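Residue numbers for the sequence shown, in mature numbering (1 follows the signal peptide of the UniProt record, and there is no 0): -24 to -1, 1 to 460. Cβ coordinates follow ideal geometry from the N, Cα and C atoms, glycine included. Quick caveat, the model's predicted, so the values are computed rather than measured.
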Amino acid sequence: MDTNIQYLLLALALTSVQISFTESRLNEKRRDKTERRYHSVQAKDNMCEITNRESKVHCYCENTEVKTATRADCWVFNGGIDETDPIWSSFNSQPHLERLTFNLFIHYATLNKIGKDSFRNMSTLREITLMNDKIMELDFSAFSSLPALVNLTIKGNKVTEIQRDVFVDLPSLKYLDLSFNSISLAHDGCFEHLNVLNDLVLEANLISVLTKDTFKGLANLTRLDLRSNKMSMVGDLTFSELWNLNELLLDNNELKYLSERAFDGLAMLQKLSMTGNKLQTINEGLLEGVRGLELLDLRNNEIELFTYETIKPILENLKMKTSVLYLSGNDFRCDCRLSWIQVLRNETKSEPLRTALDEITCSFITVNKATPKTNLENSVKILHPFKTEANIDVIQQNDNDEDGSSDISSQYKFETTTKLFANEVILVDIPPETLSCPGELVATGEDSLMLSSKDESYWHSNSCMKTLSSFLMMLTLVIMYTIR
């Protein structure tokens, strides 16, 4: 009897062990199934043949066999993927990829972060496109060891910062597009490993400050797009590392100040565009460092004065057939310091430039009748008012002066707070001889700031003065000799 009981207890114990072992195996299978549910693919899987319906990523390739695809379009479904997702390691199944694109299929799918070495050792990959993928962070070495990569687009995401060493060991990269993100900080040296980069697009970000070291290492860059950012000023030598830069776009920022040496070092620059900013003045030495400019676009700013001395470094370039200068949409005052524009229009061989100059307007300044005389001491001295409908207020104001004089014999200072009214006219329609000169120029005997080497009226008057001076000197010598 005791023996039977012992056998029964032993049988029950063995049964319990078997049940526990079976349950353990079932739990392990459930765990594996759950893990597969939350992982897109396993590292050993072929990225071009993901069969799991619960996968977060599906890639479509022109060839699905392992190691045969050259192009893959990957779609992200069902939430986001992070840097630990097996999709990244599955790229090893197609080592000959040349083009890789990531797309979001639904609005709540995200990539969040491109982790370290995400695309490492894909030796044939030539193009990566990560557009509108809601990427917020680029980790150190996120793009590294891609020897054939030529084009990299990370456009329309939520990246806020470009750290150093994000782009490493990319010896063939020519084009980098980081536009339409939220980048407010680009660390010094963040592009220093991109030695052959030609085109850098940073359009539509939140960049407010740039330094010389921001562009360290980009000696071969030929085009830089900084349109629609938040820059309010450009300091000395900001772009001096960009020795081969050909095109610089600074449109639609908030620029109010340009240092006199802001563009020094850009000896190869041919196109400079700064439309839609808040510039009011231009330093006379600004263009000294960019004497190769053939296109300068300053439309739709608040510039009141653009003198001959300012444009002089590139004036000869503007006489060529391919040159263009855009200045329309500013707040120019009609005076003799703009006479060079009319001379240039007659001398240039560029039809687009003539058309652009024809669009420049300026304003004759009139003073509000309610303005006290004591505030008029610095008004414009109008020598020969141009009598058209556009400036009829000027004429009426002159006719109503208490002393009956037809001239306003005082100077105007542009920084005055006196309330002014202005009437815009087309600059090239104004006869040059009717353009008034500010009183300080008249007082010193200066005319239209050396209009042009071919401006006959300027050189004729100076020639007469030189002839008269020579004659008087000779006469003095003759008289002195006679007295002896």
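6 Å Cβ shell around residue i - same chain, five flanking residues per side excluded
i: Phe191; result: Glu217, Leu218
i: Phe215; result: Leu242
i: Glu103; result: Arg75, Asn127
i: Phe119; result: Phe143
i: Asn22; result: Val42, Ser69
i: Cys37; result: Cys24, Ala45, Ala48
i: Asn196; result: Val172, Asn220
i: Asp153; result: Thr129, Lys131, Val177
i: Pro186; result: Note that residue 186 corresponds to Leu in the displayed sequence, not to Pro. Taken in chain order, the residues that qualify are Thr214.
i: Asn276; result: Thr251, Gly252, Gly305
DSSP state of residue i mapped onto helix, strand, coil
i: Glu327; result: helix
i: Ile341; result: strand
i: Lys43; result: coil
i: Lys297; result: coil
i: Leu255; result: coil
i: Ala243; result: coil
i: Asn68; result: helix
i: Leu320; result: helix
i: Glu230; result: coil
i: Glu113; result: strand
i: Lys89; result: strand
i: Ile290; result: helix
i: Glu223; result: strand
i: Ile63; result: helix
i: Asp383; result: Here Asp383 scores only 35 on pLDDT, less than 50, and its place in the model should not be relied on; the value that follows carries that caveat. It is coil, neither helix nor strand.
i: Ala19; result: Only weak support is given to the placement of Ala19: the predicted model assigns it a pLDDT of 41, under 50, and the question is left unresolved by the model.
i: Phe95; result: coil
i: Ala332; result: helix
i: Ser315; result: helix
i: Leu218; result: coil
i: Phe191; result: helix
For residue i, the residue or residues it bridges with in DSSP
i: Thr105; result: Thr77, Thr129
i: Ser204; result: None, per the DSSP bridge assignment.
i: His34; result: Trp51
i: Asp273; result: Ser249, Tyr302
i: Arg309; result: Ser339
i: Leu176; result: Leu152, Leu200
i: Glu236; result: Glu236 pairs with nothing; no bridge assigned.
i: Leu161; result: Glu137
i: Ser120; result: Val144
i: Asn399; result: Phe340
i: Met209; result: Tyr233
Beta-carbon proximity list for residue i, same chain, < 8 Å, skipping 5 on both sides
i: Ala332; result: Val300, Leu301, Tyr302, Leu303, Ser304
i: His72; result: Lys43, Thr44, Ala45, Thr46, Thr100
i: Asn259; result: Leu234, Ser235, Glu236, Thr286
i: Glu400; result: Thr337, Cys338, Ser339, Ala366
i: His169; result: Asp141, Phe143, Val144, Asp145, Leu146, Gly193
Contact belief for residue i with residue j at Cβ below 8 Å, rounded distance in angstroms
i: Leu234; j: Val266; result: Their Cβ separation, rounded to whole angstroms, is 12 Å, which puts Leu234 and Val266 out of contact at 8 Å.
i: Phe239; j: Leu231; result: Wrong, their Cβ atoms sit about 13 Å apart, outside the cutoff.
i: Phe95; j: Leu114; result: With 8 Å as the limit, Phe95 and Leu114 do not qualify as a contact, their Cβ atoms being about 12 Å apart.
i: Ile130; j: Leu106; result: 5 Å
i: Ser155; j: Glu179; result: 4 Å
i: Asp109; j: Leu87; result: 4 Å
i: Ile279; j: Leu255; result: 6 Å
i: Lys92; j: Phe116; result: 6 Å
Contacting residues, own chain, Cβ-Cβ under 7 Å from residue i (five flanking each side not counted)
i: Leu329; result: Leu294, Ser299, Val300, Leu301
Near the ligand MG: residue i beta-carbon under 7 Å from a heavy atom
i: Gln246; result: Ligands displayed in this structure: none; no statement on the ligand MG is therefore possible.
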